[in-house]
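What follows is a single structure, written as structure tokens, with notes after it.
Residue numbers (the working numbering): 992 to 1153.
Set out below in structure tokens:
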């Protein structure tokens, strides 16, 4: 009898704890990424062709070693912000970043739509590191995007260094 009571108290306490953690961490404020519809080649080319319509940023060590490139539409009234993403202001750099993202055949990039917690569109991201992308809504018009790690390195050897 005491065992069941203890189990109920434990379950109730765990439920309250989980609710508090969820509320305090703001888990309901995280955005998502969804595959952009249509052919990625056409869509990424459209983004390149219309690059001046976007605030563009990349993550990575340099534009010749990128983890991702992000396109934030200038006229939608929404903003993508971050602490470490680097602005891109030249079309030639956009093309170089995309070419470098294509260079690793083991980890091909995909074009993603960046969506807020309610599914509203904020921009595009082109990356192969989608599992590592974290976004968090700051307000209705602002989505924060975390930095991405460096792209994976493949030196061509086996796991034992041979």
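Built from N, CA and C at the ideal position, the CB exists for glycine as well.
Note that the structure is predicted; figures quoted are calculated from it, not measured.
Excluding the 5 residues flanking residue i on each side, which residues of the same chain have their C-beta closer than 7 Å to its C-beta?
i            : result
residue 1117 : 1035, 1059, 1060, 1089, 1092, 1100 and 1102
residue 1064 : 1044, 1045 and 1114
Which residues in the same chain have their Cβ closer than 6 Å to the Cβ of residue i, if we skip the five residues on either side of it in sequence?
i            : result
residue 1082 : 1042
residue 1069 : 1113 and 1132
residue 1073 : 1136
residue 1075 : 1138
residue 1013 : Residue placement at residue 1013 cannot be trusted, given a pLDDT of 41 that sits under 50; what the coordinates show is reported in the next sentence. For residue 1013, where only same-chain residues beyond five positions count, there are no Cβ hits under 6 Å.
residue 1015 : In this prediction, residue 1015 has a pLDDT of 40, which is less than 50 and means its spatial position is unreliable; nothing more can be read from the coordinates.
Do residue i and residue j have their CB atoms nearer than 8 Å?
i            : j            : result
residue 1105 : residue 1052 : no
residue 1108 : residue 1128 : yes
Between the Cα of residue i and those of the options, spot the shortest distance and give me the residue it belongs to.
i            : options                   : result
residue 1050 : 1069, 1124 and 1038       : 1124
residue 1045 : 1054, 1056, 1080 and 1026 : 1080
residue 1096 : 1115, 1119 and 1110       : 1119
residue 1028 : 1115, 1039, 1098 and 1022 : 1115
residue 1111 : 1040, 1039 and 1130       : 1130
residue 1037 : 1062, 1022 and 1026       : 1062
residue 1134 : 1098, 1067 and 1040       : 1067
residue 1022 : 1040, 1039 and 1071       : 1071
Leaving aside the five residues before and after residue i along the sequence, list all residues of the same chain whose C-beta is less than 8 Å from its C-beta, in chain order.
i            : result
residue 1149 : In this predicted model, residue 1149 has a pLDDT of only 46, less than 50, meaning its place in the structure is not dependable enough to derive any value.
residue 1054 : 1077, 1079, 1084, 1087, 1088 and 1091
residue 1057 : 1049, 1050, 1051, 1088, 1091, 1092 and 1142
residue 1140 : 1058, 1120 and 1123
residue 1017 : No answer about residue 1017 holds up, because its pLDDT of 45 lies below 50 and its placement is not dependable.
residue 1020 : 1108, 1127 and 1128
residue 1039 : 1082, 1085, 1086 and 1089
residue 1026 : 1101, 1102, 1103 and 1104
Among all the DSSP beta bridges, which residues are the ones paired with residue i?
i            : result
residue 1128 : 1134
residue 1059 : 1050 and 1118
residue 1024 : 1105
residue 1064 : 1045
What ranges does the alpha helix (DSSP H) occupy inside the region 1068-1118, keeping only unbroken runs of at least 4 residues that lie completely in it? 1082-1094
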